[in-house]
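Novice: Can you read through this structure? Questions will come right after.
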Amino acid sequence: MQGKPVVPLTLAGVAALVLVAITLVSVWSLAHPQRDPVGNALAAMGARLDGVRSWYAQGPVEASPDWQAMRLNVPGGDAARGRLAMVEYGCGACHVIPGVASARGTVGPSLDGLARRAYIAGVLTNAPGDLTRWLMNPPLFSPETAMPNLGVTEADAADMAAYLYTLGPDA
Amino acid sequence: MIDATADRPRQGPVLEELRTYEEAWATPPGWRRLSSVSHRVVGQRFIVTGLVFFLIAGFLALLVRTQLIVPENTFLDAETYNQVFTMHGTLMMFLFAIPILEGFGVYLLPLMLGARDLVFPRLGAFGYWCYLFGGLIVLASFVFDAAPDGGWFMYTPLSTKEFTPGLSADFWLIGITFAEIASVTAAVELIAAILCTRAPGMSLTKMPIFAWYMLVTAFMITVGFPPLIVGSILLEVERLIGLPFFDPALGGDPLLWQHLFWLFGHPEVYIIFLPAAGMVATMLPTFVGKPLFGYGYAVAAVVTMGFISFGLWAHHMFATGLPTITLTLFSAASTIVTIPTGVQIFCFILTLAQKRPRLTVPMHFILGFLFIFVIGGLTGVMLAAVPFNWQAHDSYFVVAHLHYVLIGGMVFPLIGAFYYWTPHFTGRMMSERLGKWAFWLMFSGFHITFFLMHITGLRGMPRRISTYPAGIGWDRLNLLSTIGSYILAAGVVVFVWDFIAHRWRGPLAPRNPWKAGTLEWLYPPIAPGHNFHAIPRVHSREPLWDQPDLLENEAHETRGLLRDAPHGRRETVGCHPLSGEPLQIVRLPHPTWIPLLTAFAVAVSFSAVLASLYDIAAAGAVAALFGFAAWAWEPSETGQTITTNDEGTLPVDVASRLGHTHIAIIGTLMIMVALFASVLFAVMFLWNVQPEFTRLAGDPDLFWTSIAVACGLGMSLVAWLARSAPMAVLDLAVALLAGVAGWALYQAVLPTDPMATALAATLWVMAGFIGTQQFVLLYWSLFLALRKVSGQVAAGQIVPEINRVPYALVTAGMLIAAAVVLAAPQLEVLK
Amino acid sequence: MNGPSTLDTYGSQTSFSSAGTGADATLVLTTAMSVAAAVIFLLVMGAVWLAWRRDRPGSVWWIWGGGVILPVIALGTLVVASTFTLAAIGRVDDGAPVIEVTGHQYWWDIVHDPEGRALRDANEIVLPLNIPVTLSLKTEDVIHSFWVPSIAGKMDMVPGRINRMTVTATEAGRFRGQCAEFCGLSHPLMAFEVVVLPQAEYDAYLEDLRSEARDADTAQLARGRDVFLNEGCIACHAIRGVAEGARLGPDLSRIGARATLGAGMWRMNVGNLAGWIADVQDMKPGAQMPSYNHLSGPDLRAVAHYLASLK
Amino acid sequence: MDSYIPFCGTPPVPTELWTRWQFDPVLLAGLAALGAVLAFKARSRTPALVGWSLVVLLFVSPLCAASMALFSARVAQHLLLTLVAAPVLARAMPLRGPDVLPVACVFTALFWVWHVPGPYAATLQSDLVYWLMHLSLLGAAWLLWSSVLSAVASRPDTVVLGIALSAAQMSLLSALLVFARDPWHGWHMLSTVPYGLSPLADQQLAGGIMWVAGGALMLVAVAALVRLVFRAQDGPHYSAPSA
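Below you can see the structure in the form of structure tokens.
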């Protein structure tokens, strides 16, 4: 403490930096998510990183095609849209769905690892077409089920099926 | 007057020869250190325990922030989350902020004022154990899976048995009330110490500024805590036996709790802020090298702040539907507090202006304090505007505001104070480098966490929610706040690491390492365990600056009063409360286990209430009463005189209005009056707000009421007579009259049914409170009589008698006030 | 009026975009005070900066100026501005139509025209556009606080008291509100929606509240209605024309028309309804309604479809 | 008693308020006597003049009439009388009396008695009681501030306690006035309406004034007393010895 007095400029400078940073962060936090260049850039960067990660997770390219993955491919289904549709139709009220924060229901089975299951609700084979049909009208296939007909459109059902098949295909 | 050589047990000439100064003041080694009552030991206990609670509460805060990092998080369930934020607030407010600041006061004040110890060391030790046991009771709720979950202000009716079954609220109410005993006892002790044991020549206007801040704080505690204690007791009684204080169906009012709580809660904020501001006012002049600018202005500001803080509680209740016409007036009143705050801030700024300061770590924290606290003050002024308050109240804006005020106003100065005074505790310096890291991490983390919360709140996020929907505008703000909280926590970790590691890594501290002007730096900071071989005379507020010889001589060769320990006893100089001139020699106790045992008995009693084991609770209370008696049984030495080296002859433990015991009684009576006023407020509030319940529960008996008043007056009269004619029979008469008065009061309220209406229930509480007062007088008088009969005291030793008079008078005054209240509903003239 | 719920809408619960006279005037005050606070902050920090650079004592007049005179001027201005705002928004209009809102753990009971024919609804308050309405705020259990940031500031609901405030919505649309006073375990799940409608649509809404609930016109819906009647739901819930009088739980006469379920927390659809009925204690811990997990699958589906059909 | 007209007359309506000056000969004589005593006995002229003028204003001006209509006006009058006029007069001509604390207790008792319904109604039914109220309040306040000023240097502890007591009781009373659900004073049931206030609102205003303005005046007094002590005994200042 006997040293020469530090120039207060350092102090004021750092304080000013903190102020500026807080102001920028505050302004950014106010931006509407759909009109937010920084957020969009971050999201895009995240998506690219996701791509790299999944590419890395696939491991070395094998000679033979991944039949399992191909079997679970839902034509026309978009997993990202499917995830949002899950929230929209209220699936989470009854099921735990990994990746959907609000889906914590315990009425029905957890949908974790759905891709590995042999049957859907014990009545349909676990294949893309059956899953999509099941989602559109469960009571048709299982009259005693508690799962109601949610009025899911075919497109939405395909999206949701695509998302559900991302849950635990390899584990 | 008795000659000093008169035969008295336990201080014969044999002891005088045997003990040197060091022996008389030695702290017992090993586990027997627990019996120490020295202010240094007790102060350090307070500080370290407070720091532990701070870390626990800080950890809980991180859990809160982690839960909120993303929307709809499942890290904690709602129940755990509610427990975590409740305990965070509770621990921070009740078990960290006030105790640790009182700990600094307990440790530093005698050193700054030129005393060898506080005047009531055993009371300080007792207070610490109450605090520790109370804190443990609160913490134990986690073990029993019954952590309180009603928020730190425990609003009724959510906290009543109907909506919070189980023990969680009881843990809170009982633990916190117990811990508050520590706060009020420490307050009385500090008042007496500041007013009665200062170095010769230290008039009130020459006190170190920290003493002024602590004095005002202590007075505020004596008046500010009682409303909460009363509120807690009412709520606990409602929970235990169902008296309907807060039930509107029976004439109660949930808002009564809010009034009592904020009557405490608002001053509480200033009770936390003022000691920390006092630390700033002490450290700042050291680094500037000039005295505090505008000392008188600062004192005036602090005293006014103490007064103002009690008139502002309504602004916590703007949204409860207060009458519109008064909202503006309350709003104006709330802003007034800015003026004394502004005066203090400008005193600090002008102190800075006198000379280029040294930019040490404590100085960083002082600047951080100015920066943060000014923002917190300004948002506080915004909150005083009623329309804005309606938007911001109970939203994250308020969370931001209160953390700006409390962290900026208290935590930053406190950590600066740790860097400043740690050399005094340990003899080693903390690291300048780590200190700056800690500061910048805390400073930037703090702003990221809490500045954004202003926006979060105005964007509609209420406080105390464990989950929020995604996508409506709070996601990013919460994410950033959580990141900021981790940075803030990293800063705290650096500080704690430094605080621990400096014990072996820190360089040895030189004498007066910061070149301060206040007396606590007189000794080289290798803690000797005792203060002042002799108590020097001071001539200014900065004795070490104006009397360079104090630092040039070896500390143990300081010239002054009471050189060494001439009687082998612990003694210090008692002064005139105003002028600071020596008035008496105060005999201080040696290490003893009684405070610990008594506090333990009280703890058993409180815990047994919690467990509904009322016979054990009663046994604990009786054991505590024996503890207090054993504590006070020691022979009185009043009336002896001692010839000192340069101040002539001084009496021991004077019996006068200027003596320390009398000042302490005045402090205690302030607490009692504040408790009574809180009960009275409850009675009159309910009577006024729910008038239709006035006559539903039966009328008090006016005959017995007048008997009670007559006995109360008689009791005061006899107590007054007993002061000059100390005879055991008079004490017995006081005891008898006190007992009869209490019993008559019971008869007076008996016709009313406390279960029927809240008003009747509060009348019973009022009678119960006065009954307790009467019991204290009865117990006290029997104790005195017993001592006289057993020959423990001689004529002329009238200290307890002279102190009993104001106690009896105030009790009689309460009886009269109670009688008016009991009679009022029956006097047609009043309604 | 069955638009997307406020859960889908960014900024549906913010005081920064005002859709009511109270929030509007307050936002002006907030902005002005924030700017003033920023200026004062910079002035004080400037004083600290100057003090740091200075090397000789200043005058005591700085204390008077900075500590007394400046605050008195600033506070005087503030109190005047705040009082004018308060006078503009704080008055209770006794002549305005009354909507009674009662807080419960953890939902909102809503009665339009409580003095007249008492039209009940729950968890969704419909307000007429540009017409002052007086809200009469009560609670049945603990203290709650009524807060719709975009419309007006908050007001507590205190047992034993009735607090009133007059609001005027100035923009049609949907806004989210939430309980702002901690009220227990599911306090964070106690939200609601405010729907502001032009006069004509508002009148239609009130007409809707006067008429009986939609009839069960298919076999499944009729089965759902029977389950509702037989399973004891009617002990707490009322459906106009089907089972009236119960008031312990929300009125369900037009539950399917609301955009959200569970007091503003979930989107209204059959899926959420079924999950809610089967396990309400999981979705909203501490709610007064028990989980109906003993219903057979088809019964559960039927009652969920029946409730969703009530529009 | 029905035909009795209180000292300040019947409650005025706002338009006639400014014409309602009070020139009762007994009142004027009393004020003149007070002025004469002050002229001969006062220590200093200026405070005596200020205090006396304020007292005159409080009783002669339409405030007296206004207090017939509005309880808040009555409270304002009492605050000005006890917290402004009294300390100024005490400065000019200190009365000699007992200690601060007993006087504060007496002041507290009087302050409560004269604001609760029964005695308050009595002041409106008898000139004697009316003057008893004002004289006892002024006298007690004058005595209180006299003993505060004389004891502030020698016994600041009792001064602090006395002021704390006076301030606390005032807050307590005002809180009751503000939070009451029904108006206390039957007299004002009809008289406040011409001023656009309900009786309850008038009472809340009275409580608010007592709470805030009363508190603010107390604060100014506290700050002034502290400054008074410090101006008398500000100590010498020392700087750190330069190394």
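Chains as they are written, first to last, in our numbering: chain A, 1 to 171; chain B, 172 to 1002; chain C, 1003 to 1313; chain D, 1314 to 1556.
No residue lacks a Cβ here, since even glycine has one placed at the ideal position from N, Cα and C.
Between which two residues does the beta strand (DSSP E) carrying F1177/C extend?
Specialist: On the third sequence, residue 1177/C is found 175 positions in, with the first residue counted as 1. It spans 1175-1181 - the beta strand (DSSP E) in which F1177/C sits, taken as one unbroken run.
Novice: State the CB to CB distance for the pair T1016/C and R1176/C, rounded to an integer number of angstroms; the pair is presumed to be in contact (CB under 8 Å).
Specialist: Counting from 1 along the third sequence, the entry for residue 1016/C is found at position 14. Counting from 1 along the third sequence, the entry for residue 1176/C is found at position 174. At roughly 13 Å, the Cβ-Cβ gap does not stay under 8 Å, so T1016/C and R1176/C are not in contact.
Novice: Sort A155/A, N137/A, D50/A, P143/A by Cα distance to G1273/C and report the nearest one.
Specialist: As a working mapping, residue 1273/C is identified with position 271 in the third sequence. Among A155/A, N137/A, D50/A, P143/A, the Cα nearest to that of G1273/C belongs to N137/A.
Novice: Which residues does DSSP pair with K1140/C in a beta bridge?
Specialist: Locating residue 1140/C in the third sequence gives position 138, counting from the first residue. K1140/C is bridged by DSSP to T1104/C.
Novice: Tell me, please, whether the CB atom of N244/B is closer than 9 Å to any CB atom in chain A?
Specialist: Taking the first residue of the second sequence as position 1, residue 244/B is located at position 73. Flagged as an interface residue toward chain A: N244/B, by a C-beta distance shorter than 9 Å.
Novice: Going along chain B in order, which residues have a C-beta closer than 7 Å to the C-beta of H1189/C?
Specialist: Along the third sequence, read from residue 1 onward, the residue named residue 1189/C stands at position 187. Within 7 Å Cβ-Cβ: R635, I636.
Novice: Please check if any C-beta of chain C sits within less than 9 Å of the C-beta of S653/B.
Specialist: On the second sequence, residue 653/B is found 482 positions in, with the first residue counted as 1. According to the sequence shown, residue 653/B is Thr rather than Ser. It does not: the Cβ of T653/B has no partner Cβ on chain C nearer than 9 Å.
Novice: What is the DSSP secondary structure of D1111/C, counted as helix, strand or coil?
Specialist: By one-based count along the third sequence, residue 1111/C stands at place 109. Strand at D1111/C.
Novice: Using DSSP's beta-bridge definition, name the partner residues of L1199/C.
Specialist: Along the third sequence, read from residue 1 onward, the residue named residue 1199/C stands at position 197. DSSP, once it has assigned bridges, lists P1130/C as partnering L1199/C.
Novice: Comparing C-alpha positions only, which one of F256/B, G700/B, E273/B sits nearest to E194/B?
Specialist: Numbered from 1 along the second sequence, position 23 holds the residue referred to as residue 194/B. The shortest Cα separation from E194/B among F256/B, G700/B, E273/B belongs to G700/B.
Novice: Can you confirm whether I520/B, when its beta carbon is compared against all beta carbons of chain C, has any partner nearer than 9 Å?
Specialist: Here the question's residue 520/B lines up with position 349 in the second sequence. Cβ-Cβ to chain C under 9 Å: yes for I520/B.
Novice: I706/B bridges to which residues according to DSSP?
Specialist: Translated into the one-based positions of the second sequence, residue 706/B becomes position 535. Partner residues in the beta bridge of I706/B, as assigned by DSSP, are L732/B.
Novice: On the criterion of 16 or more Cβ atoms from any shown chain inside 10 Å, does Q562/B qualify as buried, or is it exposed?
Specialist: The count along the second sequence starts at 1 and reaches residue 562/B at position 391. So Q562/B counts as buried.
Novice: Just how far apart, CA to CA, sit R529/B and M283/B?
Specialist: The sequence position of residue 529/B within the second sequence is 358, counting from 1. The sequence position of residue 283/B within the second sequence is 112, counting from 1. Each residue's Cα considered, the two are about 22 Å apart.
Novice: Note down, in chain order, all residues in the segment 96-115 of chain A with a beta-carbon under 7 Å from any beta-carbon belonging to chain B.
Specialist: A101, S102, R104
Novice: Can you find a CB in chain C that lies within less than 9 Å of the CB of T145/A?
Specialist: Against the first sequence, residue 145/A aligns to sequence position 145. Using a Cβ-Cβ cut-off of 9 Å, T145/A counts as an interface residue toward chain C, since at least one Cβ of chain C sits closer than that to its own.
Novice: In the DSSP assignment, what are the bridge partners of H1146/C?
Specialist: Reading the third sequence from its first residue, position 144 is the one you call residue 1146/C. Answer is M1159/C, bridged to H1146/C.
Novice: Could you check whether the segment 343-357 of chain B touches the segment 256-272 of chain B, counting it as contact only if at least three pairs of C-beta atoms, one from each stretch, sit closer than 8 Å?
Specialist: yes
Novice: Within 10 angstroms of its Cβ, does P696/B collect 16 or more other Cβ (buried), or is it exposed?
Specialist: Locating residue 696/B in the second sequence gives position 525, counting from the first residue. Result: buried.
Novice: Closest by CA to A1305/C, which one among K1286/C, G1288/C, N1271/C?
Specialist: The residue given as residue 1305/C occupies position 303 in the third sequence. Rather than Ala, the amino acid found at residue 1305/C in this sequence is Val. Residue N1271/C is the option with its Cα nearest to V1305/C.
Novice: Could you work out which residues of chain D lie near A503/B, taking near to mean beta carbons separated by less than 8 Å?
Specialist: Residue numbering aside, residue 503/B sits at position 332 when the second sequence is read from its first letter. Residues of chain D passing the Cβ test: V1525.
Novice: With the cut-off set at 9 Å, would you say M1192/C and A1265/C are in Cβ contact?
Specialist: In the third sequence, residue 1192/C corresponds to position 190, counting from 1. In the third sequence, residue 1265/C corresponds to position 263, counting from 1. Taking 9 Å as the Cβ cut-off, M1192/C and A1265/C qualify as a contacting pair.
Novice: What number of angstroms, rounded off, separates the C-alpha of A1021/C from the C-alpha of A232/B?
Specialist: Taking the third sequence and counting its residues from 1, the one referred to as residue 1021/C is at position 19. Taking the second sequence and counting its residues from 1, the one referred to as residue 232/B is at position 61. Answer to the nearest angstrom: the Cα atoms are 35 Å apart.
Novice: Taking only three categories from DSSP, how would you classify N1165/C?
Specialist: Start at 1 with the first residue of the third sequence, and residue 1165/C comes out as number 163. Here N1165/C carries a strand assignment [DSSP, helix/strand/coil].
Novice: On the CB-based measure, 16 or more other CB atoms within 10 Å of its CB, does L1044/C come out buried or exposed?
Specialist: Mapped onto the third sequence, residue 1044/C falls at position 42. The residue is exposed, with fewer than 16 neighbouring Cβ atoms inside 10 Å.
Novice: Run through DSSP, which three-state label would V757/B get?
Specialist: As a working mapping, residue 757/B is identified with position 586 in the second sequence. DSSP places V757/B in strand when its eight states are reduced to three.
Novice: Would you check if there are 3 or more beta carbon pairs closer than 8 Å linking the segment 773-791 of chain B to the segment 809-827 of chain B?
Specialist: Result no; under three Cβ-Cβ pairs closer than 8 Å.
Novice: Please report the straight-line C-alpha distance between N1004/B and H486/B, rounded to a whole angstrom.
Specialist: Nothing can be reported for residue 1004/B: it is not among the residues displayed for chain B, which extend from 172 to 1002.
Novice: Select from the segment 1412-1429 of chain D all residues with a C-beta closer than 7 Å to any C-beta belonging to chain B, and list them in chain order.
Specialist: Taking 7 Å as the Cβ-Cβ cut-off against chain B, the residues of the segment 1412-1429 of chain D that qualify are V1429.
Novice: For H210/B, count neighbouring C-beta atoms within 10 Å of its own C-beta (all shown protein chains included) and say buried if the count is 16 or more, exposed if not.
Specialist: Taking the first residue of the second sequence as position 1, residue 210/B is located at position 39. Burial call: buried.
Novice: For a cutoff of 9 Å on Cβ pairs, would you count N859/B as touching chain D?
Specialist: Along the second sequence, read from residue 1 onward, the residue named residue 859/B stands at position 688. Contact with chain D is found for N859/B, since one of that chain's Cβ atoms lies less than 9 Å from the residue's Cβ.
Novice: Reducing DSSP to helix, strand and coil, say where P1116/C ends up.
Specialist: Within the third sequence, numbered from 1, the residue matching residue 1116/C stands at position 114. In this structure, P1116/C counts as coil in the three-state DSSP scheme.
Novice: Give the range of the beta strand (DSSP E) segment to which E742/B is assigned.
Specialist: Start at 1 with the first residue of the second sequence, and residue 742/B comes out as number 571. Unbroken beta strand (DSSP E) run through E742/B: 742-746.
Novice: What's the gap between the Cα of H535/B and the Cα of A1038/C?
Specialist: Residue 535/B sits at position 364 when you count from the first residue of the second sequence. Residue 1038/C sits at position 36 when you count from the first residue of the third sequence. Taking the straight line joining both Cα atoms gives about 27 Å.
Novice: From this set, L523/B, A197/B, A469/B, which residue's C-alpha is nearest G1060/C's C-alpha?
Specialist: Sequence index remark: in the third sequence, residue 1060/C carries index 58 (1-based). For the options L523/B, A197/B, A469/B, the alpha carbon positioned closest to that of G1060/C is the one of L523/B.
Novice: Is it buried or exposed for Y1508/D, if we count other Cβ within 10 angstroms and need 16 for buried?
Specialist: Along the fourth sequence, read from residue 1 onward, the residue named residue 1508/D stands at position 195. Buried, since its Cβ has 16 or more Cβ neighbours within 10 Å.
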